[in-house]
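Below is one structure; the comments refer to it alone.
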Amino acid sequence: MRELEELKTNYTRVKESLSLCVRELAFLITFFILFFTLSIYLITIGLICVCKYVTSYMDNHSGPCHGKLYLFNSDKMNWSSSRASCVSKGADLVTITSQTEQDFLVSKIKQTQWIGLSDLETEGHWVWVNNQTLNETGVQFWFSEGPTEPDNWKKQDPSGEDCASLGDSNGNFQSWFDASCKKKKKFICEKKLLSTSIFGNN
Numbered sequence: 030m031r032e033l034e035e036l037k038t039n040y041t042r043v044k045e046s047l048s049l050c051v052r053e054l055a056f057l058i059t060f061f062i063l064f065f066t067l068s069i070y071l072i073t074i075g076l077i078c079v080c081k082y083v084t085s086y087m088d089n090h091s092g093p094c095h096g097k098l099y100l101f102n103s104d105k106m107n108w109s110s111s112r113a114s115c116v117s118k119g120a121d122l123v124t125i126t127s128q129t130e131q132d133f134l135v136s137k138i139k140q141t142q143w144i145g146l147s148d149l150e151t152e153g154h155w156v157w158v159n160n161q162t163l164n165e166t167g168v169q170f171w172f173s174e175g176p177t178e179p180d181n182w183k184k185q186d187p188s189g190e191d192c193a194s195l196g197d198s199n200g201n202f203q204s205w206f207d208a209s210c211k212k213k214k215k216f217i218c219e220k221k222l223l224s225t226s227i228f229g230n231n
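Each residue of the sequence shown is one higher than the one before, starting from 30 at the first, in this note's numbering.
Now the structure itself:
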């Protein structure tokens, strides 16, 4: 009888321990599901990673996403405010350095967007926000199917057009246009990936 009582006691303890383990496992699974769901949500609201699994679009340190995240902002701001908004997220206005990157961005927009290119310092000398010139990047996609861009048109803004946008109000999204930096447009932020970070502070 004594051995039977001990067996019953041990069985009860094991049963209680197993029940506790099951509850803890259920909690961990629930936590993982919530974390995964939140991660997916953050991606779908605006974080789009360039994943072109093509060798020619990869470099030695960036991996399959070319080391960049893009944030397509729905708010409209002037060029300076757009850049400030990007910087506040630990990013900057987008720098376009290849045909592949240009094509990717074009495929994602339906309205004109500010990009990180301007000739604010010296008229006619276009420089990206990372201080690269167009000669250094080796690519440029100015509109050329009508009045050639950039044209520094001063009719609306006497100071001229010193900031570049991807696309214009007429739906020509394949090309760049110079525009008055005071205009309010949507804009594209870009952040280089150091590891698996998302938009925000490193």
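The C-beta atom is built at its ideal place from N, Cα and C for all residues, glycine as well.
C-alpha distance - residue i paired with residue j, whole-angstrom precision
i, j, result
"Glu130", "Gly196", "15 Å"
"Asn89", "Ser110", "Reliability fails at Asn89, whose pLDDT of 32 lies under 50, so the model's placement of it is uncertain and the value that follows must be treated cautiously. For Asn89 and Ser110, the distance between alpha carbons rounds to 34 Å."
"Thr162", "Thr66", "41 Å"
"Ala55", "Ser46", "14 Å"
"Phe216", "Ile144", "6 Å"
"His154", "Asn160", "11 Å"
"Ser198", "Trp205", "12 Å"
"Gln140", "Ser48", "56 Å"
"Ser173", "Asn201", "11 Å"
7 Å CB neighbourhood of residue i in its chain, flanking five on each side removed
i, result
"Ser127", "Val168"
Simplified DSSP assignment, three categories, for residue i
i, result
"Cys115", "helix"
"Lys211", "coil"
"Thr166", "helix"
"Leu149", "coil"
Range covered by the alpha helix (DSSP H) that runs through residue i
i, result
"Leu100", "Per DSSP, Leu100 belongs to no alpha helix (DSSP H); it is in the beta strand (DSSP E), 97 to 106."
Same chain, Cβ closer than 6 Å to residue i, five either side skipped, listed in chain order
i, result
"Val158", "Asp121, Leu122, Gly145"
Boundaries of the beta strand (DSSP E) in which residue i is found, first to last residue
i, result
"Leu134", "Looking at the DSSP string, Leu134 is not in any beta strand (DSSP E); the run it does join, the alpha helix (DSSP H), is 128 to 137."
"Ser194", "192 to 195"
8 Å Cβ shell around residue i - same chain, five flanking residues per side excluded
i, result
"Lys183", "Gly189, Glu190"
| message | Pairs of beta-carbons, one from the stretch 53 to 67 and one from the stretch 175 to 192, closer than 8 Å: are there three or more? | response | A contact is defined here as three or more CB-CB pairs under 8 Å, and the stretch 53 to 67 fails this definition with respect to the stretch 175 to 192.
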